[in-house]
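The next block holds one structure in the form of structure tokens; read it before the comments.
Number of protein chains: 2
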Amino acid sequence: MPSWLRELLLLTLLAAAPAAYAEDGYQLWLRYPPVPAPWLESYHRAVAEVVSGTRSPTLEIAQTELARGLAGMLGAAPPSAPAPSRDGSVILGTPRSLPLLAQLPLELDRLDSEGYVIRTLILEHRHSIVIAAREDVGVLYGTFHFLRLLQTRQPLDRLDIVSAPHLRHRILDHWDNLDRTVERGYAGESIWDWHKLPDYLDRRYTDYARACASLGINGTVPNNVNASAISLTPRYLRKLAALAALLRPYGLRVYLSARFSAPIEIGGIKTADPLEPAVRTWWRGKVGEIYALIPDFGGFLVKADSEGQPGPQSYSRTHADGANMLAEALAPHGGIVMWRAFVYSNHPQEDRARQAFEEFVPLDGKFRDNVLLQVKNGPLDFQPREPFHPLFGAMPHTATMLEVQLTKEYLGFATHLVYLAPLFEEVLRSDTYVRGQGSTVAKVVDGSLFGHSQTGIAGVANIGSDRNWTGSHFDQANWYAFGRLAFDPALSSREIAEEWVRMTFSNDPGFVESVVAMMLQSREAAVDYMTPLGLAHQMARDTHYGPAHWTSVYYNRADARGIGFDRTATGSNAVAQYAPPVAAQFADLASLPERFLLWFHHLPWDYRVASGRTLWEELVLHYTRGAEAVRAMRRTWSALAGKVDPERHREVSEFLAIQDQEATWWRDASIAYFQSLSRRPLPSASPPPEHSLQYYESLCFPYVPGSVPRTAACAGRDLW
Amino acid sequence: MPSWLRELLLLTLLAAAPAAYAEDGYQLWLRYPPVPAPWLESYHRAVAEVVSGTRSPTLEIAQTELARGLAGMLGAAPPSAPAPSRDGSVILGTPRSLPLLAQLPLELDRLDSEGYVIRTLILEHRHSIVIAAREDVGVLYGTFHFLRLLQTRQPLDRLDIVSAPHLRHRILDHWDNLDRTVERGYAGESIWDWHKLPDYLDRRYTDYARACASLGINGTVPNNVNASAISLTPRYLRKLAALAALLRPYGLRVYLSARFSAPIEIGGIKTADPLEPAVRTWWRGKVGEIYALIPDFGGFLVKADSEGQPGPQSYSRTHADGANMLAEALAPHGGIVMWRAFVYSNHPQEDRARQAFEEFVPLDGKFRDNVLLQVKNGPLDFQPREPFHPLFGAMPHTATMLEVQLTKEYLGFATHLVYLAPLFEEVLRSDTYVRGQGSTVAKVVDGSLFGHSQTGIAGVANIGSDRNWTGSHFDQANWYAFGRLAFDPALSSREIAEEWVRMTFSNDPGFVESVVAMMLQSREAAVDYMTPLGLAHQMARDTHYGPAHWTSVYYNRADARGIGFDRTATGSNAVAQYAPPVAAQFADLASLPERFLLWFHHLPWDYRVASGRTLWEELVLHYTRGAEAVRAMRRTWSALAGKVDPERHREVSEFLAIQDQEATWWRDASIAYFQSLSRRPLPSASPPPEHSLQYYESLCFPYVPGSVPRTAACAGRDLW
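If you're matching them up, the sequences are chains S and L in order. For our numbering, add 322 to where a residue sits in the first sequence, where the first one is 1. For our numbering, add 322 to where a residue sits in the second sequence, where the first one is 1.
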């Protein structure tokens, strides 16, 4: 085919496709639009044929994805060849699938089972690119990496990539109920259609698996941590097995949230006491039943003795007793227990942020090897900003995994553009000092600080049945960033954003620069308009939608004299849960980063912050700055019209308009409330709130997404 | 462009598109794939340019759709021209938008405001096609009709079409709650995202409007008949207004389900008594508030005094009192009240099927002109088969509209392939005999029998957020069939099926023939495996999922002696609610169609039916035949692989496999239950049920879609 014709065909494709298929975001970052010149020529040279060997299901997936990606980007999939026959061979496989690879100096032995190499080699005078791994799944990961190079316009001529995941368990936790409601879900119904399983396998399952595999996510917990024992009944296990079989070749294992009281609810036993032999026998039997159906079942995720969930404490047993019972049942099969450290008793405490540390630190060393303690990034609950959780580093004898939240329960749901990688990065890079400087949370989590081999990270999924998967186009970036950081916690949020923007929207340099900049400042904007200066949990009760300082006095401790939660020695002394250098830094106003000011200290309204302004003035300025940042984001995005398809441009614009309204609402309601206490004037140039405090307090939202049940009582209040 | 190149480009499009965009059903019947030879040449000749005049929003939509359709089918949209300039002009508009049309002999005055003509004309020696109407919406309808001609491969050379809807109000009723759950919804969450309205307008709203306009559906009730008063609050009305503005240019009006007790719940009044002046004033004010926001608001749909809903009877007032109060408030604005005749008291009656007739017939003549009584097709509740509702024809002084159900609450949910047009056709063609032979339900509904100008039909929507809209590809046909029959109740289910198959899947003659035949027999199959010979309501309580004869004894009246509901003079005498010729036919076993046998008669197991078999044997044979018909459908579909895209082929195959399982379950459970009473052997060649009756009775399904709340109690039962 002459090249002019090829280009004409490409242009036709570009022009015609949108007419029939309006852009809806379903393809996530796995889009392979035609590559323009001059890249096209160089990629054509580098990729002229594909050499692969025998096909396992996983290798089949890798080869199909490679063909799909190359067909889209280069106009046609290059031909297959049994052995390199020209310049531009792409050779992929394992030494088992393609014996040729065993003869190359790739040092695959030095990889772990999920690692891979991508290398440019001269083979018999021909330029080749090798994508190789010890195991099939590494080839799959390498294939997605290779495609990403083209998607983001990287040169292919001197590739020398060796990559392997830094964490062993990289897991999405779906807080999805079996009836397809999703707790804190803002992207439609659950993607898991239990009613139709095992007979109907929704195509989404496959595309979910592709997306996860493209990032190296290797586990999924499809049911809510607030679990139903029904997930463990024989019929539901058969449903799960069908899912597991579909996900397996993508390198994804299934896990289950296990309800601790299941032996009572479906086992016919009168107790769930973890030291009771009948209970232990029941769990051993149940685990055996699961593995008979799902030989690579991952294990259990457990929320116990928290927010009303059953747990070992009902029987005067410890978390370790509970976790070890399950771990013992799972160990012969290679399964793990992820035991959540998020424990909230229903009895109010002086400082909820202290509870997990108090309950778990005494148990250090008491957990079995296949138990991982799953700790949220901060001690409270997925706030826009928290200091790192004091449990990180405090339990050297316990494998500790990180739990972050992708679904933006406290960060504006799906309508607010908030890129979360800076939040994840902030916690991973936080220094616990437990083994001296450089004892970062990342080193706790990747096992290197204490020498743990069981390592992991969990992301509370933001995925639902909405066509764009995550409820908004930009929330796809949070799924993406989670997966990338899970694979390599050292990646920067900027690198990840740039990759994602290029793959998802456009490689136009001006577009990439503007959008990455907008994403990188978006989380700080949300902190500013919601909870600046270390404030936390000012959201409405239950729904967590919008500001409700008036019901969050427990957290803000604001009164006529000042504001902030005293967690120093004069207060709850939660600061003492950190290693001494950190505790000292946080306790001392001179060294404490101002972003945590009101997290640790109760201060008078006229306290002078670093800027020289009073705390009151600074607070108002932060709120105002946050709302203004959203307006700036709107301007940025508006100027990018024409650089991205009109469908996604319009949707993002409408969401930014909502975010603008809501950021203003947050700012105004916050100022109105705190001014009612501070009784101080607004700084000049700060406009007064649009409405009265009474107005903001009166608002009620009867149908807020993500809440279960979905209907809030609003009797006598102004309905939204 | 040379023609070989054009064809090559088309082939490229065809080949490349599926790689990037797997077929997911989102496009419904509005797909415009390239037309092959020889049709392509003749269509190119007939459509060489488009002539249109000034553009209103509605005409803009028509022209855009025409361009989109022609671009897809012919390879490129033909050029626009200000006036006919060559052979093959397509001229569309109204006399206002294109004065040229006023000079043509089109007799547009004889059309109603929604009618249109499509006509081949010679204008100044040139072949032209005119799509013209009095009003813009007629042009839109005509445009979709014209595109349908190409989609279904009709010749364009001698068009002479005059078309206008036979019914005035053609409405979809969404039983969608404001929290996006859908009562009896099997296609995911509600498409209406109230939380994000009015700021975010989901692209689905536009595609919903396109699909409705393509059929001539002209109204939508977006909220559940089990209504919340919150829909009538100012904020929710502003949300509705945003929706109304989007839907308006597609010819779609919005209506609301109104909660009768809203004056109490949101009006601050102590009563909802329709004769209380304060209540009447409140509704007048509320209606005025609505019309200020939505000048073409359609009116209210009301479910009152039924299944626990509030209504006028609480105040000892009649349905007419209640309906007229609302109608009086709406009349100055041109709005209507659709008052549902589906009334079920919570006090069990001897025969529930009698209640609506008894309550409403005495009120004939008492309703205001702008009230339509909305009557379900049968007297019970959307069963696989019912005789027509005796209210049809029984209230000559009352405008009576038909309500049918598209969502298959009692017909296998979204997984069963059941084409409902034969059911709709059966009721429309039923003869009430109230004005002698030929007094069909269709003539009652289209107003011709009694001279009503307020006419209408409502379909309980089967639409949700699932990518394919209706939960299954074949359920799209039920939306389609409803819309087409609403426009023209005289269409046959075969014509409609053929159109739909051609537009949705393929024009391949063998494919069309097989699939149409499968669709046409699918409803009888469901009747056979669920409720043959006039049985009804044998589904599980509340969820309506699967067989539960043991809790449906009220309806089957089966015992050791026989089976069936005696509705003759020796029983409930519901048969007397029909006009005398019909009553006589139904009461007499010699003249009663066997399909209604057990609806009207209780008969001994050994009663001899027309075939000479006993009733028991005949019943077993019907169940068996139904299950076998599903297996035949599987075989038919399986043989069509390759004639349709693999994605939809696979999904339909998996659903048919589920239907096969469930049809067998229905058959086996039904036979097991009735055999436990009849104590008779199975006919030879009828295999025994796979499981014991005890097994079928033990099954419990904790998470059945479409049920609100979504969780059923299953304590101590076998979980599915």
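Ideal Cβ positions, reconstructed from N, Cα and C, are used throughout, including at glycine.
- Neighbourhood of S/W604 in chain L, by CB distance below 8 Å: empty, with the nearest CB roughly 17 Å away.
- S/Q696 carries a strand assignment under DSSP once its states are collapsed to helix, strand and coil.
- Among the residues of the region 974 to 986 of chain L, those with a Cβ less than 8 Å away from any Cβ of chain S are E976, F977, A979, I980 and Q983, in the order of the chain.
- Distance from the Cα of S/T892 is smallest, within the candidate group S/A580, S/P400 and S/A909, for S/A909.
- Interface residue (Cβ-Cβ distance to chain L less than 8 Å): S/K730 is not classified as such.
- For S/Y527, the uninterrupted alpha helix (DSSP H) segment begins and ends at R525 to L537.
- Unbroken beta strand (DSSP E) runs of no fewer than 3 residues, entirely contained in the region 360 to 427 of chain S, are found at 371 to 374 and 411 to 415, following chain order.
- The C-beta of L/S775 has fewer than 16 other C-beta atoms within 10 Å across all chains shown, which makes the residue exposed.
- Cβ contact annotation for S/Q759 (same chain, cutoff 7 Å, sequence separation greater than five): D753, in chain order.
- Against L/A344, the close residues of chain S are R525, in the order they occur along the chain (beta-carbon pairs closer than 8 Å).
- DSSP lists S/Y438 as the bridge partner or partners of S/S485.
- The way I'd put it, the region 690 to 702 of chain L doesn't touch the region 828 to 848 of chain L; fewer than three beta-carbon pairs between them come closer than 8 Å.
- As computed with DSSP, L/R662 is found in a beta bridge with L/Q696.
- The C-beta of S/D346 has 16 or more other C-beta atoms within 10 Å across all chains shown, which makes the residue buried.
- Taking C-beta atoms under 8 Å as the contact rule, L/S1014 and L/A994 qualify, at a distance of about 7 Å.
- For L/E821, same chain residues with a beta-carbon under 6 Å away, outside a window of 5 residues either side, are T474 in chain order.
- For S/I493, the enclosing beta strand (DSSP E) starts and ends at H491 to D495.
- Of all residues in the region 511 to 541 of chain S, the ones placed with a Cβ closer than 9 Å to any Cβ belonging to chain L are E511, D515, W516, H517, K518, D521, Y522, L523, D524, R525, R526 and D529, in chain order.
- Residue pairing by DSSP places S/A780 opposite S/I493 and S/E725 in a beta bridge.
- Taking a Cβ-Cβ threshold of 8 Å, none of the residues of chain S is close to L/P632; the smallest such distance is about 17 Å.
- Closer than 8 Å to the CB of S/I586 there is not a single CB belonging to chain L.
- Judged by beta-carbon spacing, L/A642 lies beyond the 8 Å limit of L/V683, meaning their Cβ atoms are not closer than that value.
- Residue-level contact check: L/T465 does not touch chain S, since none of the beta carbons of chain S fall below 8 Å from its beta carbon.
- Under the Cβ criterion of 8 Å, L/V1026 is counted among the residues facing chain S.
- Excluding five sequence positions before and after S/K688, the CB atoms of its chain that fall closer than 7 Å to its own CB belong to A642, given in chain order.
- With the rule of 3 Cβ pairs closer than 8 Å, the region 471 to 485 of chain S does not count as touching the region 493 to 508 of chain S.
- The way I'd put it, the region 804 to 813 of chain L doesn't touch the region 950 to 958 of chain L; fewer than three beta-carbon pairs between them come closer than 8 Å.
- In the displayed model, L/T936 falls within a strand according to three-state DSSP.
- Residue pairing by DSSP places S/T762 opposite S/D753 in a beta bridge.
- Under the criterion of beta carbons closer than 8 Å, S/V547 and S/K625 qualify as touching, at roughly 4 Å.
- Scanning its chain for C-beta atoms nearer than 7 Å, with the 5 sequence neighbours on each side dropped, one finds around L/V897 the residues R889, T890, A905, F908, A909 and F922, in chain order.
- Nearest neighbour of S/H711 by Cα position, chosen from S/Y577, S/L381, S/Y900 and S/W872, turns out to be S/Y900.
- Distance from the CA of L/R470 to the CA of L/T826, rounded to the nearest whole angstrom, comes to 11 Å.
- In terms of CA proximity to L/A858, L/R707 leads the group L/R707, L/I885 and L/G948.
- Listed in chain order, the non-local C-beta contacts of S/A405 below 8 Å within the same chain comprise V373 and L422, local neighbours out to five positions each way being set aside.
- In its chain, beyond the 5 residues on either side, F772 have a beta carbon closer than 6 Å to the beta carbon of L/P718.
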